[in-house]
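Each step along the sequence shown adds one to the number in the working numbering, with nothing skipped, and position 95 is 1425. Beta carbons are placed, not taken as given, at the ideal position from N, Cα and C, and that holds for glycine. Have a look at the structure below before the remarks.
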Amino acid sequence: MAISPLLRIGFTGLLLGLLMARFGEAVLARLLAAQPTWLALALAITVAQTLLSAWRWRYTARRLDLPLGGADAVGEYYLGNLVNQLLPGGVLGDANRAWRHGRTASGLSPAFQAVVIERVSGQLAMLGAVMIALIHWPAEPPDWRHYAGAGTGLLLVLATGGWLGRVHRPDDQPAWLARWRHAVGQALLQRRVLGVQLATSALVVASYVAVYACCLLAIGIEAPASVWLPLIPLILLAMLIPLTVGGWGLREGAAAAIWPLAGLSAEQGISGAVVYGLVCLIGSTPGLLTLLRR
């Protein structure tokens, strides 16, 4: 059952309200004392992040024989990020990006395939980052059972996808499934293509972590990086749950829960999460230029 946008907005406000009622004064103090140099660096990294993400999208589209210019890819990616930041759900920007591309390319279906495959590539890299983070957990070693199943599941997904990419039985499957299987095989699962996709997505995920690290350094986090770096992918993972607006509330709530597990203060984690959210929002504002241009 689809969740109403109003419920998502209300849930976002409820989570933020509860957190700010408890930690608001301390968080505000850290925000006002944030160091602009680190914030500027974080914003600069978001530019490289968007350029790299747009290249990944363009590469995926080319694998599906879809025309997509470099400037258009960058502009539309900025617009998609902005929509994701401002509207509930976190996927409307990607849908809009696919729709706008489909109007100028060879159809909506291939354009949506390109966006979905490009995003799946990113999620695979994010799962890898989370696995690495859990292995390097700064507190007590995590129970391997907590993520061994996830790792096994990921391997099964890749293995099944590779098998589907090699099996040719068009008479045994619906036409839409055959089209998607072909698209995934062409734009993701071929050996050379998969290497390019995962390498690019790993760099994109690394840029997310780098932006978050700059935000933490901006608020003057005292702990060594070896303690808080492994926590960042888990916060980023929480943002993927499409229940709020732009990840707000979930991101801060996850930080409040996870930071103390590593011996750090909750208000420090919340402060870093808020700064990261603001940097992401500001970093997506060039998407307004795409709206004005079109």
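Would you mind stating whether Ala-1596 and Phe-1341 have Cβ atoms separated by less than 8 Å?
no
Ends of the alpha helix (DSSP H) at Ile-1588?
1580–1588
Alpha-carbon to alpha-carbon, Ser-1556 and Gly-1420
So the alpha carbons of these two residues sit roughly 30 Å apart.
Spatial neighbours of Leu-1349 within its chain, please: C-beta separation below 7 Å, excluding the five flanking residues on both sides.
Excluding sequence neighbours, Leu-1349 sits near Glu-1582, Gly-1583, Ala-1586 and Ile-1600.
What does the alpha-carbon distance come out to for the pair Asp-1395 and Arg-1623?
When rounded, the distance between both Cα atoms is 26 Å.
Using 8 Å as the threshold, is the C-beta distance between Val-1377 and Ala-1455 below it?
no
Give a yes or no on contact between the region 1445–1454 and the region 1512–1522, applying the rule of three or more CB pairs nearer than 8 Å.
Touching, yes.
Between which two residues does the alpha helix (DSSP H) containing Asp-1402 stretch?
1400–1416
Among Val-1413, Pro-1468 and Thr-1380, whose alpha-carbon lies nearest the alpha-carbon of Gly-1553?
Note that residue 1553 is Ala in the sequence shown, not Gly. Closest option to Ala-1553, Cα to Cα, is Pro-1468.
Inter-residue CB distance, Ile-1588 and Ile-1551 (contact presumed, cutoff 8 Å):
That belief does not hold up - the Cβ atoms of Ile-1588 and Ile-1551 are roughly 14 Å apart, past 8 Å.
In three-state DSSP terms, what is Val-1514?
helix
Taking three-plus beta-carbon pairs below 8 Å as touching, is the region 1363–1383 in contact with the region 1567–1574?
no
Determine which residues share a DSSP beta bridge with Val-1575 and list them.
Pro-1418
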